[in-house]
Structure formats: C-alpha cells, structure tokens
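Which chain is which? The protein sequence lines are A and B, in order.
If you count by the numbering used here, then the first sequence holds residues 1 to 208, one letter each, in order.
If you count by the numbering used here, then the second sequence holds residues 1001 to 1159, one letter each, in order.
Ideal Cβ placement from N, Cα and C applies to all residues, glycine included.
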Amino acid sequence: MDAGVVNLRRVVTSTNSMAAGTAVKPMTAVAAEELAAREFASIVESHRPQIFRFLLASLRDVDLAETLTQECFLKAHRNWKHFRGDSSAMTWLMRIAINLQKDHWRNRRLQFWRHTQANAVSVDEASDWLPNGERNAEQQILAREQVAQVWKAVEGLSARQRTVFLLRYMEERELNDIARVTGLSEGTVKAHLSRAVGRVRAELRGTR
Amino acid sequence: MSGRNRLAEVEDDPIVAGALKHFKASVDAWSEAAYSQPRSAVMTTRHTWRLAATWALGCLLAAGSLAGTLYERHVQRESARIAAMKAAIKAVEQRAALVHKTAEQPVAARTNAAQPPIAAKNASNEDEDLLATVDSDVSRQVPAAMEPLAQLMESNGAN
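Right, here's the structure in full:
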C-alpha cells in the first residue's frame, strides 16, 4: 500500500457519492482528513446541544455540563478514526458522555454529588424554566409544581436509574438504544425505568 | 404482571404523562438558554495560578528532600570520621599502656633472660677455635697457580 494513499471506506461511503458496484477510488491522505474533519464538524453541530442537555439534566450544573460536553467531543475527535459506524454517532457520543460522567464521579471519590449539589441549581430553581406556550397562569403554576415534583423524584434516583430515565423521557430514546448506550440488558433497562417512573408517580400522587 | 406492562400502565397515566411532558419542556428551555449563553474564561487565570502554585510546591518539596538527603549523608560521613578517630586514639593509648607495662618489668628477669648459659658459651668458643684452625690450614696450602698472588699479599701484609 502506498504511504500517501489511504482508502477510508467509512468516509467514502458517508458521502453517498458511490453507486453500487462502482470501484472505490483511493483518496489522498489530505483529502480523506479534510473529509473526515468536515464530517466530524457536522456531527458536533448537530449533536452537541443534545449531549449538553443530557449532561445538564443529569448534573443540574451548567459549568460542569459544559466542561463535560467539551471533553466528550474532544474524546470523540481523538477517537473519530476508530469509529466504525456500527451504531449511530449519537449513540456513540452518548456512551462517551455517560462514561465521562462516571469517571468524573469516580475521580471525586464519591464526593461528586456533594460537589455537584454545592454548584448545582436547586430543584425549585430548575423548575422555573418552563416555556410559556398558550397556557394560562393557573396551568403555568400547576405545570411548575409538576416539574418540581419530577425533579424531586429524579434527585432521589440512583445514578443508573437517573441515566435510564433521562435517556427515555428527555432524549426519547428507544429501550434497545438505551441498552446499547448504557451497556445494560434490555430487561435491566426496563426494570430501572419501571422503578424510576414508579417513583415519579408516587411523588405526583403524594401531593395530589 | 411483567415489567413492560407495568411501565406501559404507568406511562399511560395522564398525570404522569403530562408531568413528564412538562419536565421535558422545562429541561429543553433551560438547556437552550444555558447553551446560547456566552461564558467568560475566568477560570483560566485561577488555573494558571493553581498550576504555578503546584509547581512551586513541587519544586520546594524536591529541594527539601534533596537537602535532607545531602544533610543525612554529611552526618553519616562525620560520624564515621569521628568513630575512626576514636578508634585510632584508643589504639595509640593501648600501645602506650603496653610500652609502659613492659618498662616496669623486673630488671633481674631481664638480666637472666639476656645472659646465655655457661655450657652454651663454652661450646661456642670451641667451635670458633676449630674454625680458626681449619682456616689457617687451608690458607697454607695455596695452589701453584695462586702462589705469586699469595706472595704479593704476604709482602703487602709485611709492609
């Protein structure tokens, strides 16, 4: 194989310019790198808000969520050439984000939540964010109360239950996708989700 | 009832479904606001100071440990030198004590030890006489070839 010539199958197929049966043209290393950089830039642009939203909901800390989002994409950029496209880019990025969150937790030696809660906004403050929509004032107050109750229930969940819950009801991921992202079996995901939603329901019922 | 059915039942609860919908809308609104908010890089300076302080502390610790090691080595060398000096002084003192002890021994004992027995003295005198006789006999019988030299020596001795 020539030193300056590479044949990146993933990059070439992603351009959708290759018809079936057409011979793969070898690309120069520079051209392949440029193409991969453009592809990665578009991935960042489209998925960064979602990753940030997931981390913000997990941590309730804007600065920490921003930092971990940057680390996530930095890590993804370093390993972009190893991404084979077996799963979607979003699944891959979400897995990196969850691992970073776990690492951060471990590095803090179980003081993570203490630190996070010190910097994180309170449940009531987080509940203030609500789009106006077309609701009247009474509905707005009711909605805010419900959001506060969900936050309270989420706060009481274990880390794994919280992750599964947020992936399902905030990111609206399918169960098999959540299983792929978290590395759990689908049955375990269902069990975690059932407990988490049960807790939310109990919280909502308790104040009804 | 399986977990899936339980989950479906809970999700179908209108109050839970409404609360989850509001929750998602709330997080979306918060995330959008936080994402578009510009951020200042105040932490950079603090990180620089922290880094500098860490380096300074590290250098101080390294210098301290090096100085401690050198001091320890110096102390060990000094103690070894002092021990060697003490050992030398002790050896000199022991030698002096031995000399002093030898000087104080009785003179009679030393005299007896110095004088050889009479029988041995007589035997040695006899040996000396015998050797002198042999020498004179041998010197008288000079070979013919050495005769001029013998005469020359005799004449020199006479002069």
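| Check | Outcome |
| --- | --- |
| Cβ-based burial, I1118 of chain B [other Cβ within 10 Å; buried from 16] | exposed |
| Buried/exposed call for Q149 of chain A, threshold 16 Cβ in 10 Å | buried |
| C-beta atoms of V197 of chain A and A153 of chain A nearer than 7 Å | no |
| Exposure label - E174 of chain A; buried when at least 16 CB within 10 Å | exposed |
| Identity of the residue in A:R180, A:L193 and A:T188 nearest M170 of chain A by Cα | A:L193 |
| Under 8 Å by beta carbon: chain B residues contacting A57 of chain A | V1027 and S1031 |
| C-alpha distance - P49 of chain A paired with E1032 of chain B, whole-angstrom precision | 8 Å |
| Contact with chain A by A1017 of chain B, beta-carbon distance below 7 Å | no |
| Reduced DSSP secondary structure (H/G/I, E/B, other) of T22 of chain A | No answer about T22 of chain A holds up, because its pLDDT of 49 lies below 50 and its placement is not dependable. |
| Cβ pair R162 of chain A, T91 of chain A closer than 7 Å | no |
| Short CB-CB distance (under 7 Å) between F52 of chain A and chain B | yes |
| Closest residue to T67 of chain A among A:A76, A:R78 and A:L55 (Cα-Cα distance) | A:L55 |
| Alpha carbon of R205 of chain A to alpha carbon of V1016 of chain B, nearest angstrom | 9 Å |
| Extent of the continuous alpha helix (DSSP H) run through H77 of chain A | V62 to R78 |
| Within-7 Å CB hit, M94 of chain A to chain D | In the displayed structure, chain D is absent; the protein chains listed are A and B. |
| Min CB distance A143 of chain A to chain B below 7 Å | yes |
| Buried versus exposed call for V1027 of chain B [16 or more other C-beta atoms within 10 Å across all chains shown] | buried |
| Between the CA atoms of L1131 of chain B and M1146 of chain B - distance to the nearest angstrom | 23 Å |
| Coarse secondary structure for F83 of chain A, derived from DSSP in three states | coil |
| Straight-line gap, Q1037 of chain B to D177 of chain A (C-alpha atoms, nearest Å) | 31 Å |
| Extent of the continuous alpha helix (DSSP H) to which S1026 of chain B belongs | P1014 to S1036 |
| Residues from the region 188-204 of chain A in contact with chain B, defined by Cβ distance under 8 Å | K190, A191, L193, S194, V197, G198, V200, R201 and L204 |
| Three-way DSSP call (helix, strand, coil) for L142 of chain A in this model | helix |
| 4 or more residues per run - each alpha helix (DSSP H) lying fully within the region 1058-1121 of chain B | 1107-1114 |
| Inter-residue spacing [alpha-carbon to alpha-carbon] between Q139 of chain A and T188 of chain A | 36 Å |
| Within-7 Å CB hit, V62 of chain A to chain B | yes |
| Whether A1019 of chain B touches Q146 of chain A by CB criterion (7 Å) | yes |
| Exposed unless 16 or more other CB atoms sit within 10 angstroms - verdict on L64 of chain A | buried |
| Own chain, CB closer than 6 Å to F165 of chain A, minus 5 neighbours either side, in chain order | A196 |
| Test: L1060 of chain B CB closer than 7 Å to a CB of chain A | no |
| Beta-carbon neighbours of L1066 of chain B, restricted to chain A and to distances below 8 Å | Within chain A, no residue comes near L1066 of chain B; the closest Cβ sits about 31 Å away, beyond 8 Å. |
| is_contact[L1070 of chain B, chain A] using C-beta, thresh 7 Å | no |
| Sub-7 Å separation of A97 of chain A and C72 of chain A beta-carbons | yes |
| Which of helix, strand or coil DSSP assigns to F112 of chain A | Confidence at F112 of chain A is low in this model, with a pLDDT of 48, below 50, so the placement of that residue should be treated as unreliable; the coordinate-derived value is given next. In this structure, F112 of chain A counts as helix in the three-state DSSP scheme. |
| Run of the alpha helix (DSSP H) containing E174 of chain A, from where it starts to where it stops | It is not in any alpha helix (DSSP H) - E174 of chain A carries neither H nor E in the DSSP assignment. |
| 8 Å contact criterion, which M94 of chain A and I51 of chain A should meet: CB distance rounded | 7 Å |
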